[in-house]
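A.B. asks: If you scroll down you'll find the structure; I have some questions about it.
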Amino acid sequence: MKNVWQRMRWLAVCLMIVCGMTAAQASDSGPSTQDEQGVIKLTFLGTGAPRPSEKRSGPAILVEAGPHRFLVDAGSGAREQMFRSGGWELITGLDTILITHLHYDHMIDVPDIAMTGWMYGRRVPMTVYGPKGTKDMSRHFMKALQWDLDMRRLVGIPMEGSNIVAHDIKPGVILDKDGLKITAFEVEHMPIDAETEEPLPFYGQTLGFRVDYKGRSVVFSGDTRSTPKSQLLVHGKDVDVMVHEVQVPSPGDSKEAKLANMSLSVHTTPAQAGYIFQQTKPRMAVYSHIIPPDTTGEQLVAETKPYYQGPVTTAEDFMTITIGAGIVIGEQARSGTHVFEKSSVVKD
Numbered sequence: 047m048k049n050v051w052q053r054m055r056w057l058a059v060c061l062m063i064v065c066g067m068t069a070a071q072a073s074d075s076g077p078s079t080q081d082e083q084g085v086i087k088l089t090f091l092g093t094g095a096p097r098p099s100e101k102r103s104g105p106a107i108l109v110e111a112g113p114h115r116f117l118v119d120a121g122s123g124a125r126e127q128m129f130r131s132g133g134w135e136l137i138t139g140l141d142t143i144l145i146t147h148l149h150y151d152h153m154i155d156v157p158d159i160a161m162t163g164w165m166y167g168r169r170v171p172m173t174v175y176g177p178k179g180t181k182d183m184s185r186h187f188m189k190a191l192q193w194d195l196d197m198r199r200l201v202g203i204p205m206e207g208s209n210i211v212a213h214d215i216k217p218g219v220i221l222d223k224d225g226l227k228i229t230a231f232e233v234e235h236m237p238i239d240a241e242t243e244e245p246l247p248f249y250g251q252t253l254g255f256r257v258d259y260k261g262r263s264v265v266f267s268g269d270t271r272s273t274p275k276s277q278l279l280v281h282g283k284d285v286d287v288m289v290h291e292v293q294v295p296s297p298g299d300s301k302e303a304k305l306a307n308m309s310l311s312v313h314t315t316p317a318q319a320g321y322i323f324q325q326t327k328p329r330m331a332v333y334s335h336i337i338p339p340d341t342t343g344e345q346l347v348a349e350t351k352p353y354y355q356g357p358v359t360t361a362e363d364f365m366t367i368t369i370g371a372g373i374v375i376g377e378q379a380r381s382g383t384h385v386f387e388k389s390s391v392v393k394d
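Heads up, the sequence shown is in my numbering, so the first residue is 47 and it goes up one at a time.
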C-alpha cells in the first residue's frame, strides 16, 4: 500500500508539471485565485461493483465544491466509508445524493445514510436525484422504515429531516446555484436478454453527470457501454476529470466467467474507454466501478495505453482527487472527528 501511495504522489507531481504548475507556484497562488476559479475535491468512498470485495466498497463518490457537498451513488458500505472519511460532520452534514441508476449496488445505502444522518442530528430532508423510478424507490424505503420512525418519535427524536425528498430527473441541467451546475445526461446500460445476450430497449433510466464549479469540471460516466453516439463524447469534451467505469473480460469458460462476460455488452472495456478518452481529452481520466474488483491499476492502464496516451489512473477506496489549477491525487484526509457531540438529537 505504501508503494501505491508513493506512486500516486509521484503522479500528482507529474500532473502539476503537465498542467504548467509547480509546487512553488501552487503555494504562491493566493486564496482569491482559488475562490475565483474554484476547486472540486473528489473522495472515492467506494470503487467496486456488485461483487463483494475486501478492498473495494460499493460505488460512492463524495464531491465537494465550495459550500456544496453531495454523493454520486450510494452503494453497499457507503455509510461506513463516509464515517471513516469524514466522521460525524459528514454523516450529519450531507443532505444530497445523485443516483446514476437503480441497480442495487448504486442505491442500497440511501436509506442507511438518510436515517443515520437524521437520527444523529441532520434536521433537513435527504434530497435524492435520480432517473425514472427514484421517487417510487424512496417512497418504498420510507414505508419500510415507518415502524422505526414511529419508535424513535416516541423516545423524543425530532421528526424534522427524517424524510427523503426524491426527484425523477430527465437529461438536462438539474441544479444551477451558487456557482455549481449539475447536468444529467443519458447513457446506455440496458438489461441483457438471457437467450440472445443482446441489450433490450430500456432507454432513459441510466444517467451520467457533469459537475461544473467556477471553471472546474468533472464527469461521471455511470454504468455504460461504449457506443459511437455516447453522450460522454458531448458532455465529457475537454473536461478536467472524467471518472469512467470499466470491466475487464474474465478468462476461461466457467459458469462464473460466462455470467461475468455477459455484462460486457453493457459495460466498457479499457480499450473502449481509451477511445472515449482520446475523443474527449480530459486533463485526467480515472477508472472506478472496477469489474472484477481485484483488477489492478497497472493492468487497466496497460490495456488503455494503446488507445489513449494521456494521464489515466485507477481509483482506490479513500483516494482523493483535488481539481484546481493542477490536479492532485492524495489519500484519505479526515475532514471531521469521530467524537459525537451533537446536543440536538433528543428534544429537551
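The C-beta atom is built at its ideal place from N, Cα and C for all residues, glycine as well.
Where does the unbroken alpha helix (DSSP H) through MET172 begin, and where does it stop?
C.D. replies: Within the sequence shown, the letter at position 126 stands for residue 172. MET172 -> not in any alpha helix (DSSP H); beta strand (DSSP E) instead, spanning 172-176.
A.B. asks: Enumerated in chain order, which unbroken segments of the beta strand (DSSP E) with a length of 3 residues or greater are wholly contained in the stretch 117-190?
C.D. replies: 142-144 and 172-176
A.B. asks: How do the stretch 347-360 and the stretch 302-311 stand: do at least 3 beta-carbon pairs fall below 8 Å, yes or no?
C.D. replies: no
A.B. asks: Should the stretch 194-214 be called in touch with the stretch 227-234, which here means at least 3 C-beta pairs below 8 Å?
C.D. replies: Touching, no, given that fewer than three Cβ pairs across the two stretches are closer than 8 Å.
A.B. asks: From this set, SER263, TYR150, LEU246 and VAL280, which residue's C-alpha is nearest GLU110's C-alpha?
C.D. replies: Translated into the one-based positions of the sequence shown, residue 110 becomes position 64. Nearest of SER263, TYR150, LEU246 and VAL280 to GLU110, Cα basis: SER263.
A.B. asks: From THR138, HIS147 and TYR150, pick the residue whose C-alpha is nearest to that of ILE159; which is it?
C.D. replies: For the purposes of this step, residue 159 is identified with residue 113 of the sequence shown, where counting begins at 1. For the residues THR138, HIS147 and TYR150, the minimum Cα distance to ILE159 belongs to THR138.
A.B. asks: Consult DSSP for GLY22 and reduce its assignment to one of helix, strand or coil.
C.D. replies: Since the displayed the chain opens at 47 and closes at 394, residue 22 lies outside it and no answer follows.
A.B. asks: Please state whether the Cβ-Cβ distance between ASP214 and PRO237 is less than 8 Å.
C.D. replies: Taking the sequence shown and counting its residues from 1, one reaches residue 214 at position 168. Taking the sequence shown and counting its residues from 1, one reaches residue 237 at position 191. In this structure, PRO237 does not lie closer than 8 Å to ASP214 by Cβ.
A.B. asks: Closest by CA to ASP222, which one among VAL292, HIS114 and VAL289?
C.D. replies: Residue numbering aside, residue 222 sits at position 176 when the sequence shown is read from its first letter. In terms of CA proximity to ASP222, HIS114 leads the group VAL292, HIS114 and VAL289.
A.B. asks: Does the beta carbon of MET188 fall short of 7 Å from some heavy atom of the ligand SAH?
C.D. replies: Summarising the ligand content, the structure contains no ligands, and the ligand SAH is consequently not present.
A.B. asks: Sort out for me which residues DSSP pairs LYS87 with in a bridge.
C.D. replies: As a position in the sequence shown, residue 87 is number 41, starting the count at 1. In the DSSP output, where bridge partners are listed per residue, LYS87 has GLU110 and THR368.
A.B. asks: Using only CA atoms, which one of SER296, GLY92, ARG256 and TYR166 lies nearest to SER131?
C.D. replies: In the sequence shown, counting from the first residue as 1, residue 131 sits at position 85. The residue with the shortest Cα to Cα distance from SER131 is GLY92.
A.B. asks: So, under 8 Å CB-CB, LYS233 and THR252 are touching, yes? Tell me the CB distance rounded to an integer number of Å.
C.D. replies: The sequence position of residue 233 within the sequence shown is 187, counting from 1. The sequence position of residue 252 within the sequence shown is 206, counting from 1. The sequence shown places Val at residue 233, not Lys. About 5 Å separates the two Cβ atoms, so the contact holds.
A.B. asks: Please determine, among THR368, ASN307, ALA319 and PRO295, the residue with the shortest C-alpha to C-alpha distance to THR341.
C.D. replies: Numbered from its first residue, the sequence shown carries residue 341 at position 295. The shortest Cα separation from THR341 among THR368, ASN307, ALA319 and PRO295 belongs to PRO295.
A.B. asks: Counting along the chain, where does the alpha helix (DSSP H) carrying GLN345 start and finish?
C.D. replies: Along the sequence shown, read from residue 1 onward, the residue named residue 345 stands at position 299. Run containing GLN345: 343-350, per the alpha helix (DSSP H) assignment.
A.B. asks: What three-state label does DSSP hand ASP286 in the structure shown?
C.D. replies: Within the sequence shown, numbered from 1, the residue matching residue 286 stands at position 240. If DSSP states are grouped into helix, strand and coil, ASP286 belongs with coil.
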